[in-house]
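**Student:**
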Amino acid sequence: MIRVKNLVKTYPKRGSKERLSAVDDVSLELKSEEIFALLGPNGAGKTTTIKSICGLIVPDSGEIEIKGISVLKNRTKALAHISVVLEGNRNLYWRMTPMENIAYFCGIRGKSIKKSEAVEILEKLGLSEKKNELVHKLSRGMQQKAAIAVCLAADTEILLLDEPTLGLDVNSAVEFRTLLKDLQRQGKTILLSTHDMNLVEAVADRVAIMSNGKIVVCEEKRKLLDLFKARGYRIKLLSNGTTGEKLTQLGLSGWKKDGNIIEIHLNLSSAKELYKIIEDFRLNQIEIESIEKELVNFEKIFISYTNSGSP
Amino acid sequence: MLNAFLANFKKSWIEFKRYYFNTVSNLATFLIFFYLIFFGVKAIGGSTVNFTDTLEGIIVGYFMWMMFIFSFQGVAWGIIDEAQRGTLEQVFASPIGFEYQMLFRMISDFVFNVLFAVPLMYFVAYTTGKRLSFDLGTLLYLLVVGTLSALGIGMILGGIALVFKRISSFIQIVTIGSLGFTMFDLSKLWYRFLPMSQAAHLMRRLALEGFRFRQFTISDHLILWLVALVYLIAGVVVFRGFEKRAMTSGTLGQY
Chain A
33 MIRVKNLVKT YPKRGSKERL SAVDDVSLEL KSEEIFALLG PNGAGKTTTI
83 KSICGLIVPD SGEIEIKGIS VLKNRTKALA HISVVLEGNR NLYWRMTPME
133 NIAYFCGIRG KSIKKSEAVE ILEKLGLSEK KNELVHKLSR GMQQKAAIAV
183 CLAADTEILL LDEPTLGLDV NSAVEFRTLL KDLQRQGKTI LLSTHDMNLV
233 EAVADRVAIM SNGKIVVCEE KRKLLDLFKA RGYRIKLLSN GTTGEKLTQL
283 GLSGWKKDGN IIEIHLNLSS AKELYKIIED FRLNQIEIES IEKELVNFEK
333 IFISYTNSGS P
Chain B
140 MLNAFLANFK KSWIEFKRYY FNTVSNLATF LIFFYLIFFG VKAIGGSTVN
190 FTDTLEGIIV GYFMWMMFIF SFQGVAWGII DEAQRGTLEQ VFASPIGFEY
240 QMLFRMISDF VFNVLFAVPL MYFVAYTTGK RLSFDLGTLL YLLVVGTLSA
290 LGIGMILGGI ALVFKRISSF IQIVTIGSLG FTMFDLSKLW YRFLPMSQAA
340 HLMRRLALEG FRFRQFTISD HLILWLVALV YLIAGVVVFR GFEKRAMTSG
390 TLGQY
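Protein chains in written order, with the working numbering: chain A, 33 to 343; chain B, 140 to 394.
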C-alpha cells in the first residue's frame with residue numbers, strides 16, 4: 033500500500049554550509065490492512081517521514097509510492113488514497129464546529145458527506161454532543177478526536193496518524209485502540225507515529241523503531257516481543273561474602289545486593305549463553321536462588337534500540 | 140471540483156459571519172477613508188473644488204481599488220492566517236491542488252465582496268449627492284475580469300508568504316502601490332499592461348462617458364483579457380515555485 037525506498041531528507045544548518053540529516057536512507061513497506069507503528073524519540077525523523085509520504089515535504093532523494101503511484105511524480109493522485117492527522121492540535125479550524133470541519137475537509141477532497149454520516153463518525157468517537165460546538169471551546173482531547181473524525185470522514189484506504197493519542201485521557205486512549213482495530217477490520221491500512229507504547233503493544237502488527245533519522249529495527253511486533261522475552265532474565269543468587277567478587281571476575285556487573293541476596297539482570301543473545309552462565313556459577317560455587325524470565329514491554333525494547341541502535 | 144468549490148464557498152460564508160466584526164470593520168474603514176478624502180479635499184479647497192464631473196469616476200475608481208486590494212490581500216492574508224492556525228498543511232494534503240483551493244476561495248471572497256461593495260458604492264454616491272447611472276452589468280464584467288489580475292498578484296504574494304511568512308509590510312507597500320495602477324492615465328500603451336490599469340481605465344469611461352460593454356473596442360476587450368490572464372497565469376507559476384521551495388525547505392507548516 034505504501035512503499036518508501038531510500039528516503040533521504042536533510043536541512044541546511046543555520047549559519048553553516050553543513051546539512052542536518054532528518055531522515056537517512058529510510059525504507060519501509062506497509063502491507064494492506066495492517067497497522068504499522070513508527071516509534072522513536074523526538075527528532076528521530078518520524079514526522080519528516082510521514083510528511084514526506086503525504087507530500088508536504090520534498091525529500092532530497094528516494095522514492096515514495098502510495099498504491100503504486102509516485103508521490104513525487106503524481107502527488108495529488110497519490111494523496112487521494114490517504115488522509116492524515118498531523119501532530120498537535122493544528123488540524124482543524126478553531127472557529128468552526130466539528131461538523132463544519134468534517135464537511136469542509138471532505139469538500140476540499142472533492143467529496144460530499146451526508147450529515148447523518150458525519151454524525152455517525154462523531155458518535156463513534158463520543159463527540160456527537162459536541163458536534164455544533166466551536167472547536168476552540170473543546171478540550172484538547174476532544175479536539176484530537178475531532179481531528180481523527182475529519183480523517184475518518186475522508187474515507188480513504190490509508191490513514192496516517194502522527195501522535196494520534198496525544199492529549200487523549202486514559203479512557204479515550206483505550207477507546208481509540210478499539211477504534212483502530214475496528215478500522216483495520218474494515219480494511220483500512222494505518223501508519224502510526226507515536227510515543228504511546230501501550231498503543232503500539234495493543235494495536236500494531238509491525239513496528240519500526242527510528243533513531244537519528246534511521247530505522248534501527250523493523251519487525252513484526254510479536255517477534256520483537258518474543259525476541260526480548262527470550263533474552264531478559266532476572267537471576268537471584270545467595271551471597272556468601274565472596275559472591276560479588278566472583279561475579280566481577282566473571283565479567284558480570286550491574287548487580288544489586290539486598291541482605292544475603294544478589295540480584296542480577298542479564299540480556300542474553302541465546303539460551304546457550306544462559307546454560308554457560310549457569311555452568312560458570314556452578315564452577316565458582318555461586319548458589320542460584322531463582323531464575324526468572326523478565327516481562328518485556330515495548331518501553332524496554334524501545335529504550336534498548338534507541339540507546340544503542342541495537343538490542 | 141464542484142464539491143471543493145462549494146466547501147470553500149461555504150467556509151468563506153461561515154468566516155464572514157463568525158468574524159463579522161472584522162468584515163464590518165473592513166468595510167467601515169474603506170467608507171471612512173473615502174469620506175475623509177472627499178470631505179477633506181472639499182474642506183481645504185472650499186468652493187474652488189468642483190467634483191461634479193469627476194465624482195462618479197472617483198467613486199468607481201475607489202471601489203475598483205477596494206475590490207483589487209481585497210482580492211490580492213485575501214490570498215496573502217489567507218495563507219498567513221492558515222500558517223498561523225496550522226491548518227495550511229491539512230489543506231495541502233488534499234488531493235485537489237492548493238492553487239485550486241486558493242482560486243475557489245478567491246472566487247468566493249470576490250462574490251461576497253461584490254455583494255457588499257456594490258450597495259456600498261451606491262450608498263457613497265447617494266451621500267455625496269451623486270446618482271450612479273451607468274450599466275451595472277458592464278461594471279460587473281469589468282470587476283470580474285479586472286480582478287483576475289489582482290488574483291495573480293495575490294498568488295504571488297501568497298507564494299512569498301509561504302516561504303517568508305511575515306510579509307505584512309510588503310503587503311502594505313503593494314497595497315499603496317496598487318492605488319497607482321487604478322489611477323494611471325493610459326496615455327502610453329504599456330501602462331495598459333499594468334495589473335488593473337486597463338480595467339480601471341474602462342471603468343472610468345463607463346462612469347464618466349456612460350460606455351457600455353458593446354461600445355468598448357475589440358482591442359479594449361483583448362487587452363483587458365490578456366492582462367487578466369497573463370497576471371493570473373504568472374501568479375500560478377510563481378506560486379508553484381514558492382510552494383516547491385517551501386516544501387523542499389520543510390517550512391510549509393511553520394510560522
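Don't be surprised by glycine CBs; every beta carbon is placed ideally from N, CA and C. All values derive from a computational prediction rather than experimental measurement.
At 4 residues or longer, and completely inside the stretch 118-186 of chain A: list those alpha helix (DSSP H) runs for me, N to C.
**Tutor:** Whole alpha helix (DSSP H) segments, 4+ residues: 130-139, 147-156 and 172-185.
**Student:** Three-state secondary structure (DSSP) at residue 258 of chain B?
**Tutor:** Here residue 258 of chain B refers to the residue found at position 119 of the second sequence. Helix.
**Student:** When the Cα atoms are used, what is the spatial distance from residue 103 of chain A to residue 233 of chain B?
**Tutor:** Here the question's residue 103 of chain A lines up with position 71 in the first sequence. Here the question's residue 233 of chain B lines up with position 94 in the second sequence. Cα-Cα distance, rounded: 13 angstroms.
**Student:** What does residue 228 of chain B reach in chain A if we use C-beta pairs closer than 9 angstroms?
**Tutor:** Indexing the second sequence from 1 puts residue 228 of chain B at position 89. Neighbours of residue 228 of chain B on chain A, chain order: 83, 86, 88, 116, 118, 122 and 123.
**Student:** In the stretch 194-275 of chain A, which residue ranges form an unbroken beta strand (DSSP E) of at least 3 residues, counting only runs that do not cross its ends?
**Tutor:** Counting only runs of 3 or more, we get 221-226, 238-243, 246-252 and 264-270.
**Student:** Using a Cβ-Cβ cut-off of 7 angstroms, state whether residue 252 of chain B counts as contacting chain A.
**Tutor:** What you label residue 252 of chain B is simply residue 113 of the second sequence in a count that begins at 1. So no, residue 252 of chain B is outside the interface.
**Student:** Among A:223, A:231, A:71 and A:191, which one has its Cα closest to the Cα of residue 208 of chain A?
**Tutor:** For the purposes of this step, residue 208 of chain A is taken as the residue at position 176 of the first sequence. Taking only the C-alpha atoms, the option nearest residue 208 of chain A is A:231.
**Student:** Going along the chain, which residues of its own chain have a beta-carbon closer than 6 angstroms to the beta-carbon of residue 82 of chain A, five neighbours each way excluded?
**Tutor:** Walking along the first sequence from the start, residue 82 of chain A turns up at place 50. The answer, listed in chain order, is 192, 194 and 225.
**Student:** Measure the Cβ-Cβ separation of residue 198 of chain B and residue 263 of chain B and say whether it is below 7 angstroms.
**Tutor:** As a working mapping, residue 198 of chain B is identified with position 59 in the second sequence. As a working mapping, residue 263 of chain B is identified with position 124 in the second sequence. Yes; because the gap between Cβ atoms is below 7 angstroms, this pair is in contact.
**Student:** Please check if any C-beta of chain A sits within less than 7 angstroms of the C-beta of residue 294 of chain B.
**Tutor:** The residue labelled residue 294 of chain B in the question sits at position 155 within the second sequence. So no, residue 294 of chain B is outside the interface.
**Student:** Note down, in chain order, all residues in the stretch 369-393 of chain B with a beta-carbon under 8 angstroms from any beta-carbon belonging to chain A.
**Tutor:** Cβ contacts with chain A: 383, 386, 387, 388, 389, 391 and 392.
**Student:** Anything in the stretch 213-225 of chain B with a Cβ closer than 8 angstroms to a Cβ of chain A? List those residues in chain order, please.
**Tutor:** Cβ contacts with chain A: 224 and 225.
**Student:** In angstroms, rounded to a whole number, what distance separates the CA positions of residue 119 of chain A and residue 234 of chain A?
**Tutor:** For this step, residue 119 of chain A is matched to residue 87 along the first sequence. For this step, residue 234 of chain A is matched to residue 202 along the first sequence. Looking at the two C-alpha atoms, the distance is approximately 21 angstroms.
**Student:** Secondary structure at residue 316 of chain A, three-state DSSP: helix, strand or coil?
**Tutor:** In the first sequence, the residue the question calls residue 316 of chain A occupies position 284. Note: residue 316 of chain A maps to coil in three-state DSSP.
**Student:** Given a cut-off of 7 angstroms on the beta-carbon distance, is the pair residue 126 of chain A and residue 167 of chain A in contact?
**Tutor:** Here residue 126 of chain A refers to the residue found at position 94 of the first sequence. Here residue 167 of chain A refers to the residue found at position 135 of the first sequence. In contact: residue 126 of chain A and residue 167 of chain A (Cβ atoms closer than 7 angstroms).
**Student:** Check whether chain A comes within 7 angstroms of residue 338 of chain B, counting only Cβ atoms and requiring the distance to be less than that.
**Tutor:** Residue 338 of chain B sits at position 199 when you count from the first residue of the second sequence. No, because no Cβ of chain A sits closer than 7 angstroms to the Cβ of residue 338 of chain B.
**Student:** Would DSSP call residue 235 of chain B helix, strand or coil?
**Tutor:** Counting from one through the second sequence, the residue named residue 235 of chain B turns up at place 96. Residue state, collapsed to three classes: coil.
**Student:** When the Cα of residue 317 of chain B is compared with those of B:223, B:200 and B:208, which residue comes out closest?
**Tutor:** As a first step, residue 317 of chain B must be located in the second sequence, where it is residue number 178. Measuring from the Cα of residue 317 of chain B, the nearest candidate turns out to be B:208.
**Student:** Since residue 140 of chain B meets chain A, which of its residues come closer than 8 angstroms, beta carbon to beta carbon?
**Tutor:** In the second sequence, the residue the question calls residue 140 of chain B occupies position 1. Correct list: 142.
**Student:** Residue 247 of chain B to residue 142 of chain A, Cα distance in whole Å?
**Tutor:** Sequence index remark: in the second sequence, residue 247 of chain B carries index 108 (1-based). Sequence index remark: in the first sequence, residue 142 of chain A carries index 110 (1-based). The straight-line gap from Cα to Cα measures roughly 17 angstroms.
**Student:** Does the separation of the CB atoms of residue 298 of chain A and residue 337 of chain A fall below 7 angstroms?
**Tutor:** Position 266 of the first sequence holds residue 298 of chain A. Position 305 of the first sequence holds residue 337 of chain A. It is not a contact, given that the beta carbons lie outside the stated cut-off.
**Student:** Go through its chain and collect everything with a Cβ distance to residue 157 of chain A's Cβ below 6 angstroms, but skip five positions before and after it.
**Tutor:** What you label residue 157 of chain A is simply residue 125 of the first sequence in a count that begins at 1. If we look at residue 157 of chain A and ignore the five residues flanking it on each side, its Cβ neighbours are 177 and 181.
**Student:** Exposed or buried, residue 30 of chain A, counting other C-beta atoms within 10 Å across all chains shown (16 or more means buried)?
**Tutor:** Outside the shown range of chain A, which is 33 to 343, sits residue 30 of chain A, and nothing can be said about it.
**Student:** Considering just the uninterrupted stretch of the alpha helix (DSSP H) at residue 201 of chain B, what are its terminal residues?
**Tutor:** Numbered from its first residue, the second sequence carries residue 201 of chain B at position 62. Element bounds for residue 201 of chain B: 194-224.
**Student:** Whose C-alpha, out of B:277, B:285 and B:391, is nearest the C-alpha of residue 354 of chain B?
**Tutor:** Locating residue 354 of chain B in the second sequence gives position 215, counting from the first residue. Comparing Cα-Cα distances from residue 354 of chain B to each of B:277, B:285 and B:391, the minimum goes to B:277.
**Student:** Tell me the rounded alpha-carbon separation between residue 145 of chain B and residue 243 of chain B.
**Tutor:** Position 6 of the second sequence, counting from 1, holds the residue named residue 145 of chain B. Position 104 of the second sequence, counting from 1, holds the residue named residue 243 of chain B. For residue 145 of chain B and residue 243 of chain B, the distance between alpha carbons rounds to 8 angstroms.
**Student:** For residue 42 of chain A, which residues does DSSP report across the bridge?
**Tutor:** Locating residue 42 of chain A in the first sequence gives position 10, counting from the first residue. Its beta-bridge partners are A:53.
**Student:** Considering only their Cβ atoms, is the gap separating residue 245 of chain B from residue 214 of chain B smaller than 7 angstroms?
**Tutor:** Walking along the second sequence from the start, residue 214 of chain B turns up at place 75. Walking along the second sequence from the start, residue 245 of chain B turns up at place 106. Closer than 7 angstroms, so yes.
**Student:** Excluding sequence positions up to five away, which residues of its chain have a Cβ less than 7 angstroms from the Cβ of residue 275 of chain A?
**Tutor:** Walking along the first sequence from the start, residue 275 of chain A turns up at place 243. Within the same chain, residue 275 of chain A has close Cβ partners 269, 294 and 318.
**Student:** For residue 58 of chain A, which beta-bridge partners are listed by DSSP?
**Tutor:** For this step, residue 58 of chain A is matched to residue 26 along the first sequence. According to DSSP, residue 58 of chain A bridges with A:39.
**Student:** For chain B, is any of its Cβ atoms less than 7 angstroms away from the one on residue 127 of chain A?
**Tutor:** Taking the first residue of the first sequence as position 1, residue 127 of chain A is located at position 95. With 7 angstroms as the cut-off, residue 127 of chain A counts as an interface residue toward chain B.
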